[in-house]
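Written out below as structure tokens is the structure these notes cover.
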Amino acid sequence: MDPTPVSLSVVTVTYNCGKLLPKLIDSLRRQTDQNFNWVVVDGASTDSTVSMISQAQAWLRVTSVSEPDFGIYHALNKAVGLLKTEYYVVVGADDELSHDAVAQYRALAAEHNADLVAASVQIGHQLVRAGQGRQWLRGGNAHVASHAVGTLIRTELHRRFGLYSNRFVNCADMLFVLSALADPRTRLVIAEFTAGRFCIDGVSSVDRVCSLSDFFRIQLRFDRHPLLQLLLFVLRLSRLVPSLLRLRASKDRVSASVA
Amino acid sequence: MLPSLSVITATYNCVSLVQRLAKSLQSQTCKEFHWIVVDGASTDGTREFLLAFSADNPWCSFQSEPDFGIYDALNKGIVSLKTPYYVVAGADDQFSADAIERYRAIVCGGTAPDVVLARVMIAGRVHGGFHPHRAWLGHQKVFGGSHSVGMLIRSDLHRKIGRYSNRFPMLADGYFLKRALGHSEVRFMQADFVAGEFALGGLSSSGKLQSLAEGWQIQMLTERFKLLQVMLFVVKLCLRLPALLKPHA
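Residue numbers (my numbering), protein chains in the order written: chain G, 328 to 586; chain H, 2 to 250.
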């Protein structure tokens, strides 16, 4: 007997990315399995983003809000609040989903009654597989290839492990995944298929500094060898130094939030 | 006449503290101010108290909805400002009885500073001072007082420098001040009165690490010699290792 089909949402956070949306909407329209909702949380865009999202309602089941937010995890938490499906996968406006991603995710989630399904993801020129490496070294990346595109999440997990934290600006997703996996009852399924492409363009040195320190703080939470983590952190920091020396305050995204 | 300053308070589930702060504001020698309270959808009676309080006291305005941390709430407060200056007060802070009067005297006194730096009581001792030459050591070494209670900020400054950044959940005030410090047109002014008492909440070991990491990132963005900042950070990490390595609950 076939397992009961599960419901799924694709979650996208947008802000002034009207140029990127046609490609994403196209990749959603081409899904071989059209049984999904598209939940879009927009941060009050001033370009064509909002009108494109409403146009997409002609082809897709769309739920959307547009209002100012305080960063990507704030927006994702709003999306989680809007979810009506058992599962969701985050797909950024500049990411791409393989045509069979929804079909594969739904089939695997139903078959294994999974809490998390981790698929392979194309990141830059590299195909990154899930379930590779050790957590003490790679943190959440030892389990999932990437949170966006590559991880299907059971919505109900947020009731048990909370929403995305507001204390980790770049890595709150990793904290959530590791918190869920720290509970032995959480069922993680490593999938063989490639869910799509995760875009890493536009990651600034500021983001790298922030990710590095978020990563270190999260590792300290879950790892029993803090000195080892400190050593790894300092090593990674020293590799980052050349790009840090080029860091210019005037060019960073932080200054973009002028009132 | 419109008051010249507002007090902004972000609250979440702290009803008894808010009641104490409300009393300290009601007993101010000068009544010419607004109190803007931004609540994050409290469930402990804070909402009910503030709804009733703002209904009885037209100088208090109140809004409540889920937020994403204290600086998200403060930014909402800034949006609803109607006065040219504001001072932040945490729910657990307290003002001296003449704090508003003293702040008001300065801004009505003809000079038009962008930031007034007053003194504050922290854990029983008076803190204050302004040392811009220490900027390379971090914003905590520049500003001896506290952002909350101890600083009167010109509302317009946010147009120039932006609001509180979402990249520093714990120290967005420090980033804002460091950017103000780097701006040639921003005028800081020291005042020698004690504005009140700043409650120094105890930090867990993970909170200490977060504050250290955010402080470093702020330095990387605002200081010129990045390598020096990396080295300072690593030294601080090593010095504070014992405190940082306590179990992270």
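The beta-carbon is built from N, C-alpha and C at its ideal position, and this holds for glycine as well.
- Counting along the chain, no beta strand (DSSP E) covers G/D353; the unbroken alpha helix (DSSP H) around it starts and ends at L348 to R356.
- In the three-state scheme derived from DSSP, where H, G and I count as helix and E and B as strand, G/C537 is classed as helix.
- Against G/F397, the close residues of chain H are D68, F69, G70, Y72, D73, N76 and N167, in the order they occur along the chain (beta-carbon pairs closer than 8 Å).
- For H/T223, the uninterrupted alpha helix (DSSP H) segment begins and ends at S206 to T223.
- The beta carbon of H/M232 does not come within 8 Å of any beta carbon belonging to chain G, so the residue lies off that interface.
- When beta bridges are read from the DSSP output, H/F144 appears opposite H/F131.
- Straight through space, the alpha carbons of G/T521 and G/A420 are spaced by roughly 18 Å.
- Look at G/V455 here: in three-state DSSP terms it is strand.
- When secondary structure is reduced to three states using DSSP, G/A446 falls in the strand class.
- For the 8 Å CB-CB criterion, G/L502 and G/L539 do not form a contact.
- Here the segment 185-201 of chain H makes contact with the segment 119-136 of chain H; the two share three or more CB pairs at distances below 8 Å.
- When Cβ pairs closer than 8 Å are counted between the two stretches, the segment 157-166 of chain H is seen to touch the segment 175-189 of chain H, the count reaching three or more.
- Residue-level contact by beta carbon holds for G/P553 and chain H, with a gap shorter than 8 Å.
- The C-alpha of H/A74 is placed about 16 Å away from the C-alpha of G/S492.
- Below the 7 Å Cβ cutoff, chain H contributes F69, G70 and P170 as neighbours of G/N493, in chain order.
- H/D57: member of the alpha helix (DSSP H) spanning T47 to D57, first to last residue.
- Counting only Cβ-Cβ distances below 9 Å, G/L571 has contacts in chain H at M221, K227, L228, Q230 and V231, in chain order.
- If you look at G/G398, you'll find it isn't in any alpha helix (DSSP H); DSSP assigns it neither H nor E.
- Here H/R105 is buried. Its C-beta has 16 or more other C-beta atoms within 10 Å.
- Taking 4 residues as the shortest admissible run, the segment 494-563 of chain G contains the following complete alpha helix (DSSP H) segments, listed from N- to C-terminal end: 499-508 and 532-549.
- Between H/A90 and H/T30 the beta-carbon gap is near 16 Å, outside 8 Å, which marks them as no contact.
- Counting along the chain, G/T376 sits inside the alpha helix (DSSP H) bounded by residues T376 to Q382.
- Taking 8 Å as the CB threshold, H/S212 stays off the interface with chain G.
- By the Cβ-count criterion, G/L508 is buried, with 16 or more other Cβ atoms from all chains shown falling within 10 Å of its own Cβ.
- According to DSSP, H/C61 shares a beta bridge with H/W36.
- In the three-state reduction of the DSSP assignment, H/V150 falls in the helix class, which pools H, G and I.
- Of all alpha-carbon atoms in H/A214, H/A244, H/L245 and H/P243, the one lying nearest the alpha-carbon of H/Q230 is that of H/A214.
- For the segment 522-553 of chain G, the residues whose beta carbon sits under 7 Å from a beta carbon of chain H are, in order, V533, V536, C537, S540, R544, L547, R548 and P553.
- One Cα belongs to G/V389, the other to G/V416, and the distance between them is close to 15 Å.
- By the neighbour-count criterion, in which 16 or more other beta carbons inside 10 Å mark a residue as buried, H/A173 falls on the buried side.
- At a cut-off of 8 Å between beta-carbon atoms, H/V16 makes no contact with chain G.
- Looking at G/V533, G/R433, G/N497 and G/G489, the one whose alpha-carbon comes closest to that of G/P330 is G/R433.
- At a cut-off of 8 Å between beta-carbon atoms, G/H401 makes contact with chain H.
- Under the Cβ distance rule, G/V561 counts among the residues neighbouring chain H, one pair being separated by less than 8 Å.
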